[in-house]
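Going left to right, the sequence shown walks through residues 22 to 729 as our numbering numbers them. Every residue gets a Cβ at the ideal spot worked out from N, C-alpha and C, and that includes glycine.
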Amino acid sequence: MSVIVLIAAAFVSRAEPSFLVGVRESLFDSYQRLEPRVARDAPVRIVDIDEESLARLGQWPWPRSRLAELLQKLDDARATTVALDILLAEPDRTSPSRLLLPRWQGASSHGEGAEALPDYDQQLAATMATGRVVTGFALVEAGLTALPAMKAGLAFVGEGGGSDDAPAAAAVLASVPGAAGAVGTLPMFEHAAKGNGALSISLSAGGVIRRLPLLLQAGGHILPSLGAEALRVAQGSDTYVVKVADGGHGIDEVQIGAYRIPTDRAGQIWLYASKPVTSRFIPAWKVIVGEVPPAELEGRIVLIGSTARGLQDVHQTPLGDDVPGVEFHAQALEQVIHEVYLRRPDWAKGAEILTLLALGATVLTVGSRAGPTWTAVCAGAGVVGAFAVSWEAFIAVGLLLDPLFPAATVIAVYFVSSLLRHLQTEREQRWIRMAFASYISPKLVNALIEDPGQLQLGGERRELTFLFTDLEGFTPLVERTPPAVVVPALNAYLDGMIRIAFAHDGTVDKIIGDAVHIMFGAPVADPAHAERAIACALEIDRFAKDFARQKRSEGLAFGQTRIGVNSGIAIVGNFGGALRFDYTAHGDAINTAARLEGANKYLGTRLCVSEETARRSATFFGRPAGNLLLKGKTEPVRVFEPLDPGAVDDDALRAYEAAFALLEAGDPAAEAAFAATVGRAPEDGLAAFHLRRLRAGQTGSTVILTEK
């Protein structure tokens, strides 16, 4: 599932749905808010037809004669270029020639002076012709009123070839933004101006201006923007050199005079906004009345626009500031002049996809090999690293790399993999509870749940200790006792045994009739498995004696319980078939434990522990029982009878140990020593066993058992 999420994220990133683009561009906006462009002094000024200019010089629209006066003042101040962010699409209705000429032509007495009436449009056109002025046109969805005049040539370089390369022109035309038509300025102004550019700017998601076009198209024709024309005219250039992307997929770069401007495929420059700067703006009225020092305008590109209410077209910058449209053109020109660019190259998308795949795969790999903590650390490092690289690329070289979707993918992969791991863990925990709740104590079940790695279900060799019990006379008891009596008694007996096994961290391997098979050290590894098994055997012995005594007092002939304990290597794991399996152990050590349980009836003991178990217990307390040569074995097994330190007659124990030492040494005095021991403690079955052997002519401590 996590892999599917990762692959799906890669496809979504490649498709770039609108929601993803919007979120990404909002992130880039936040970068600009944190590190806005520093507004250094640039040869760009905005002559502002502001509220005070309207109050002093009259409401808009101004007579074209006043615009002509403004242009003349700017020309006198030696401004390099003046670009009008104003659409002059209709004749000046306040011009005397338009107001009075029709009347004068109807009155013959004034006909001779009609030609002398001033025409403000002609005045403005004449002023334009003497300077470097750029007019503007607007793109509209309706058809062309007339094709806007193109004042410069276009040349295409790159894979396409020369300026007459039709495929390159078609590729550019298909890439740049535009509209079905345009509303141009008056032909006399177009003819007089040195440049003519589109006033339009492109809105991005959320109404924010993030990119400004250098080239646009209207009615199938490539046209420059107002800012591009202002820059071209200021340098005296007559050609736009458009570098076509490899394969003809849009634009790489637009060269305007000495400036090589990197663009996106649509020929747009990424706006790197600065905070609003008042020094950019010069009130128009101050220029007209001569209050602006010529040095403030000399050698500068001047844009004429308005911040007056009702005249301005206000839009939002990536910094969140609402600024008039003319300021966007000014800021773009500042970027170009200072060569401060933001770029999102073609390889950015591929790099982001590779990043999200690499980070997601890393999280999956770590998650499969390490715990949730390291997986979370890895995911967190991936997210932080993605943002750190993106931020460093932005502030160092102006690269716009999206960390958001790779980071979101890492988080999604982490949470999905964590959820799946959690569900898998829950399934494993349920399985462990169901599989082992009846075998081991709740404490060990919880230990397995906390660390399921301890459970090697496929099987492993492990050193374990095994405890076998058997109830003497069980079969006759069942045969002669009503089920209503024997079943509750047997269940109570087994319940007590199981509780004791659980208390000593034993695993109840099997219950066969009255017999209980318990192992220690699996499924939860326990280095003290031998010591726990001996302690468990002693407690079971005490419980069984008390239980049998109680049942006999109730009239139920309950026999004694015999216990055998042995330690050794065994294979432990899940054994069985497809329909049924069991967690159990197999090996010779288990068979030996079962044989030792059976040996008790010959030795006269209730508990029999092998030397393998006794020497593994640092606290073992007991007495030697002999060296048993079990049926099917070639080497004898040294065995001991464990004793309860609190219930031992020290004198009797010393007497037994002395007698056994004589037995092992082959000393004939052993018989008398054992006779004395039995005389002192007639109930000592083990001493009585050796005494019988000695009287039967056997010697030594090796006992050959011919039966299981």
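From what residue to what residue does the beta strand (DSSP E) around residue i run?
i, result
"Ala539", "Residue identity differs from the one stated: residue 539 is Ile in this sequence, not Ala. From DSSP, the beta strand (DSSP E) with Ile539 extends over 536-541."
"His242", "242-245"
"Phe415", "Per DSSP, Phe415 belongs to no beta strand (DSSP E); it is in the alpha helix (DSSP H), 393-418."
"Asp69", "65-69"
"Asp491", "481-492"
"Arg232", "232-234"
"Lys531", "528-533"
"Val275", "272-277"
Is the beta carbon of residue j closer than 8 Å to that of residue i?
i, j, result
"Gly218", "Leu247", "yes"
"Ala189", "Val265", "yes"
"Val508", "Val434", "no"
"Arg637", "Ser588", "yes"
"Ala98", "Glu355", "no"
"Thr490", "Arg390", "no"
"Phe408", "Leu377", "no"
"Asp50", "Pro339", "yes"
"Pro657", "Thr613", "no"
"Lys634", "Ala543", "For the sequence presented, residue 634 should be read as Thr rather than Lys. No; because the gap between Cβ atoms is not below 8 Å, this pair is not in contact."
"Cys629", "Ala615", "no"
"Arg713", "Glu678", "no"
"Arg716", "Glu692", "yes"
"Ile107", "Ile325", "yes"
"Ala150", "Glu250", "no"
"Glu481", "Val593", "yes"
"Ile230", "His350", "no"
"Asp142", "Pro112", "yes"
What separation, rounded to the nearest whole angstrom, lies between the Cα atoms of residue i and residue j?
i, j, result
"Arg747", "Leu664", "Nothing in the structure corresponds to residue 747, since the chain is present only between 22 and 729."
"Leu80", "Gly257", "For the record, residue 80 in the displayed sequence is Gln; it is not Leu. Roughly 35 Å between the two C-alpha positions."
"Ser184", "Val155", "Confidence at Ser184 is low in this model, with a pLDDT of 47, below 50, so its placement is unreliable and the value that follows should be read with caution. So the two alpha carbons sit approximately 24 Å from each other."
"Asp516", "Lys572", "15 Å"
"Gly346", "Ile416", "26 Å"
"Leu420", "Ala400", "24 Å"
"Val178", "Ala192", "12 Å"
"Gly288", "Ala146", "31 Å"
"Ala522", "Thr528", "7 Å"
"Ala294", "Gln352", "7 Å"
"Phe564", "Phe695", "29 Å"
"Thr502", "Met518", "22 Å"
"Leu233", "Trp291", "7 Å"
"Trp395", "Val437", "16 Å"
"Thr727", "Gln719", "15 Å"
"Gly182", "Ala100", "Low confidence applies to Gly182: its pLDDT is 48, below 50, so where it sits in the model is not reliable, and the reading given next is rough at best. Their backbone Cα atoms lie some 37 Å apart in a straight line."
"Ala591", "Lys370", "58 Å"
"Ala697", "Phe596", "52 Å"
"Ala690", "Val506", "50 Å"
"Ser130", "His212", "For Ser130, the pLDDT reaches just 49, beneath the cut-off of 50, and the residue's location in the model is therefore unreliable, leaving the point undetermined."
The alpha helix (DSSP H) that contains residue i, what's its start and end?
i, result
"Leu712", "706-716"
"Gly388", "368-390"
"Ala351", "346-359"
"Leu498", "495-501"
"Gln143", "141-151"
"Ser196", "187-196"
"Leu105", "Counting along the chain, Leu105 falls outside any alpha helix (DSSP H), though it belongs to the beta strand (DSSP E) covering 102-105."
"Lys264", "Not the alpha helix (DSSP H): Lys264 falls in the beta strand (DSSP E), residues 260-265."
"Gly517", "504-524"
With distances taken Cα to Cα, identify the nearest neighbour of residue i among the options.
i, options, result
"Glu618", "Ala682, Asp670, Val537", "Val537"
"Leu511", "Ala522, Phe523, Leu498", "Leu498"
"Ser300", "Ala569, Ala173, Val323", "Val323"
"Pro208", "Val418, Gly157, Gly241", "Gly157"
"Gln581", "Ala591, Arg570, Leu488", "Arg570"
"Ser221", "Leu715, Phe302, Leu236", "Leu236"
"Ser327", "Glu37, Thr605, Ile70", "Ile70"
"Gly406", "Pro82, Val431, Gln53, Gly392", "Val431"
"Ala668", "Gly608, Glu560, Thr655, Ala429", "Glu560"
Rounded to whole angstroms, how far is the Cβ of residue i from the Cβ of residue j, which I believe are closer than 8 Å?
i, j, result
"Ala60", "Lys296", "7 Å"
"Thr486", "His525", "The pair is not a contact, with the Cβ atoms about 11 Å apart (cut-off 8 Å)."
"Gly12", "Arg442", "The shown model of the chain, from 22 to 729, leaves out residue 12, and the question about it has no answer."
"Val254", "Arg153", "5 Å"
"Arg87", "Leu78", "7 Å"
"Tyr280", "Val357", "5 Å"
"Val161", "Ala214", "Incorrect: roughly 20 Å between the Cβ atoms, too far for contact."
"Asp530", "Met540", "5 Å"
I want to see whether chain C comes within less than 8 Å of residue i, judged by CB atoms only; does it?
i, result
"Glu618", "No chain C is part of this structure, which consists of one protein chain only."
For the ligand SAM, any of its heavy atoms closer than 7 Å to the Cβ of residue i?
i, result
"Glu632", "With respect to the ligand SAM, the structure shown offers nothing to examine, as it has no ligands at all."
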